[in-house]
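Just so you know, we're using the working numbering here: the sequence shown kicks off at 711 and counts up by one.
The block underneath contains the structure these notes are about, expressed in structure tokens.
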Amino acid sequence: NASRMQQRLQKREAATLEQQIDGGMIFCGSPQSVVQQMRRVHAELGNGVFNLTMQVGDLPDAVVRKGMELFRDRVHPQVRDL
């Protein structure tokens, strides 16, 4: 139903960063906090795959690259078996 989908999108757009993290919509923070967030979402959903987007908005390339390196080196080794 299109109306229901529109309501969901409006609610999501109005959510604060903290609400989005708590709701499992985004992963954000230090590598260890991202590991904890991913483990919590996996425990609640039992999902097999995470679809991640590292480039958000107009973040500079250097910032995106640093985030990708942190994910590769410090997050992925701890969540690869989820």
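Beta carbons: idealized from backbone N, C-alpha and C, even for Gly.
If you check the beta carbons only, do Gln788 and Val759 fall under 7 angstroms apart?
-> Locating residue 788 in the sequence shown gives position 78, where the first residue counts as 1. Locating residue 759 in the sequence shown gives position 49, where the first residue counts as 1. Val759 sits away from Gln788, with the two beta carbons spaced by 7 angstroms or more.
Might you give, ordered along the chain, the residues of its own chain that have their beta carbon closer than 7 angstroms to the beta carbon of Val785, omitting 5 neighbours on each side?
-> Residue numbering aside, residue 785 sits at position 75 when the sequence shown is read from its first letter. Non-local beta-carbon contacts of Val785 in its own chain, meaning distances under 7 angstroms to residues more than five positions away in sequence, involve Pro741, Val744 and Val745 in chain order.
Is it right to say Gln716 is buried, meaning 16 or more other beta carbons lie within 10 angstroms of its own, or is it exposed?
-> Looking up residue 716 in the sequence shown gives position 6. Only exposed fits Gln716, as fewer than 16 other CB atoms lie within 10 angstroms of its CB.
What is the DSSP secondary structure of Leu769, reduced to helix, strand or coil?
-> Numbered from 1 along the sequence shown, position 59 holds the residue referred to as residue 769. Residue state, collapsed to three classes: coil.
How is the alpha helix (DSSP H) around Ala725 delimited, first residue to last?
-> Walking along the sequence shown from the start, residue 725 turns up at place 15. In the DSSP annotation of this structure, Ala725 is not part of any alpha helix (DSSP H), being labelled neither H nor E.
Beta-carbon proximity list for Gln765, same chain, < 7 angstroms, skipping 5 on both sides | In the sequence shown, counting from the first residue as 1, residue 765 sits at position 55. Here the set comprises Val774.
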